[in-house]
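S.K.: Before I ask anything, here is the structure I am working with.
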Amino acid sequence: MSGLSPKVSVIISTYNRAQYLGRAIQSVLSQSFEDFELIVVDDASKDTTKDVVAQFNDSRIRYIRHEENRGGPAARNTGIKNTSGVFLAFLDDDDQWCQEKLQKQVRKMESLSTRVGLVYAGSEIYNEQKKRIDCVNVPAYSGNVYKRLLLSTILGSVSSVLVRRECFTKVGMFD
Numbered sequence: 429m430s431g432l433s434p435k436v437s438v439i440i441s442t443y444n445r446a447q448y449l450g451r452a453i454q455s456v457l458s459q460s461f462e463d464f465e466l467i468v469v470d471d472a473s474k475d476t477t478k479d480v481v482a483q484f485n486d487s488r489i490r491y492i493r494h495e496e497n498r499g500g501p502a503a504r505n506t507g508i509k510n511t512s513g514v515f516l517a518f519l520d521d522d523d524q525w526c527q528e529k530l531q532k533q534v535r536k537m538e539s540l541s542t543r544v545g546l547v548y549a550g551s552e553i554y555n556e557q558k559k560r561i562d563c564v565n566v567p568a569y570s571g572n573v574y575k576r577l578l579l580s581t582i583l584g585s586v587s588s589v590l591v592r593r594e595c596f597t598k599v600g601m602f603d
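Residue numbers for the sequence shown follow our numbering, beginning at 429 and rising by one.
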């Protein structure tokens, strides 16, 4: 890692999804961009979530557990409050990233004005047989997309975004 703080803080919030979580964590650890920390926020799972996280021997991973289930937005907020990266990336516990996701998004973010708060990527959907069945939310909008966001979600899932930390400072946390 460069400097004292990582460039990117990755937050995975999870609840009773141990069967998928390992794959999500591995997709973060396999990134071509390596200057990150990974915070796994367990929202009071009753399954083997803690054991799945413990299987990974990587100093970039931190595990935080809620004592009672508070929901995905609260778990993401816990993650945000316990990170130090310039950029924040979120990964749902049943999703996984392509190997160059962070590298491409960080490079793009760094090439843009600091007034740009977020970049996003498209998503591919696969079935249980690992066959791609759809490609959704392919980036088609740029600039001030506020009005477009009011009409529909163009970002797909939270797993597709990279956000400047200061956005959460200015507008608040997840609701």
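Every residue gets a Cβ at the ideal spot worked out from N, C-alpha and C, and that includes glycine.
1) Anyone know if the C-beta pair for L516 and V591 falls short of 8 Å?
2) Under DSSP, the alpha helix (DSSP H) around T597 begins and ends at which residues?
3) Between I440 and V468, what straight-line distance do the alpha-carbon atoms span, to the nearest angstrom?
4) Just verifying my parser: in three-state terms, what is the DSSP assignment at M429?
5) Does E465 pass the burial test, meaning 16 or more other C-beta atoms within 10 Å, or should it be called exposed?
6) Expressed to the nearest angstrom, what Euclidean distance is found between the alpha-carbon atoms of D471 and C526?
7) Excluding the 5 residues flanking V456 on each side, which residues of the same chain have their C-beta closer than 6 Å to its C-beta?
8) Tell me, which residues are paired with V438 by DSSP?
9) Taking only the alpha-carbon atoms, compute the straight-line gap between Y491 and M537 and give it to the nearest angstrom.
10) Locate the alpha helix (DSSP H) running through R498, then write down its first and last residues.
11) If we count the other Cβ atoms within 10 Å of its Cβ and call it buried at 16 or more, is G513 buried or exposed?
12) For the beta strand (DSSP E) that contains Y443, what are its first and last residues?
M.R.: Let me spell this out:
1) In the sequence shown, counting from the first residue as 1, residue 516 sits at position 88. In the sequence shown, counting from the first residue as 1, residue 591 sits at position 163. Yes, the pair counts as a contact, with Cβ atoms nearer than the cut-off.
2) The sequence position of residue 597 within the sequence shown is 169, counting from 1. Residues 593-599.
3) In the sequence shown, the residue the question calls residue 440 occupies position 12. In the sequence shown, the residue the question calls residue 468 occupies position 40. I440 and V468: Cα-Cα distance of roughly 5 Å.
4) Locating residue 429 in the sequence shown gives position 1, where the first residue counts as 1. Summary for M429: the model assigns pLDDT 45, below 50, so the residue's position carries little reliability; its value from the coordinates is reported in the next sentence. Coil.
5) Here residue 465 corresponds to residue number 37 of the sequence shown, with the count starting at 1. E465 should be labelled buried.
6) For the purposes of this step, residue 471 is taken as the residue at position 43 of the sequence shown. For the purposes of this step, residue 526 is taken as the residue at position 98 of the sequence shown. For D471 and C526, the distance between alpha carbons rounds to 25 Å.
7) Against the sequence shown, residue 456 aligns to sequence position 28. Excluding positions up to five away in sequence, the list reads V438, L466.
8) Counting from one through the sequence shown, the residue named residue 438 turns up at place 10. For V438, which the question treats as bridged, DSSP gives the partners L466, A517.
9) Indexing the sequence shown from 1 puts residue 491 at position 63. Indexing the sequence shown from 1 puts residue 537 at position 109. Answer to the nearest angstrom: the Cα atoms are 27 Å apart.
10) For the purposes of this step, residue 498 is taken as residue 70 along the sequence shown, with counting starting at 1. No alpha helix (DSSP H) contains R498, which DSSP labels as neither H nor E.
11) Locating residue 513 in the sequence shown gives position 85, where the first residue counts as 1. G513 is buried by the Cβ-count criterion.
12) As a first step, residue 443 must be located in the sequence shown, where it is residue number 15. Run containing Y443: none; DSSP gives neither H nor E here.
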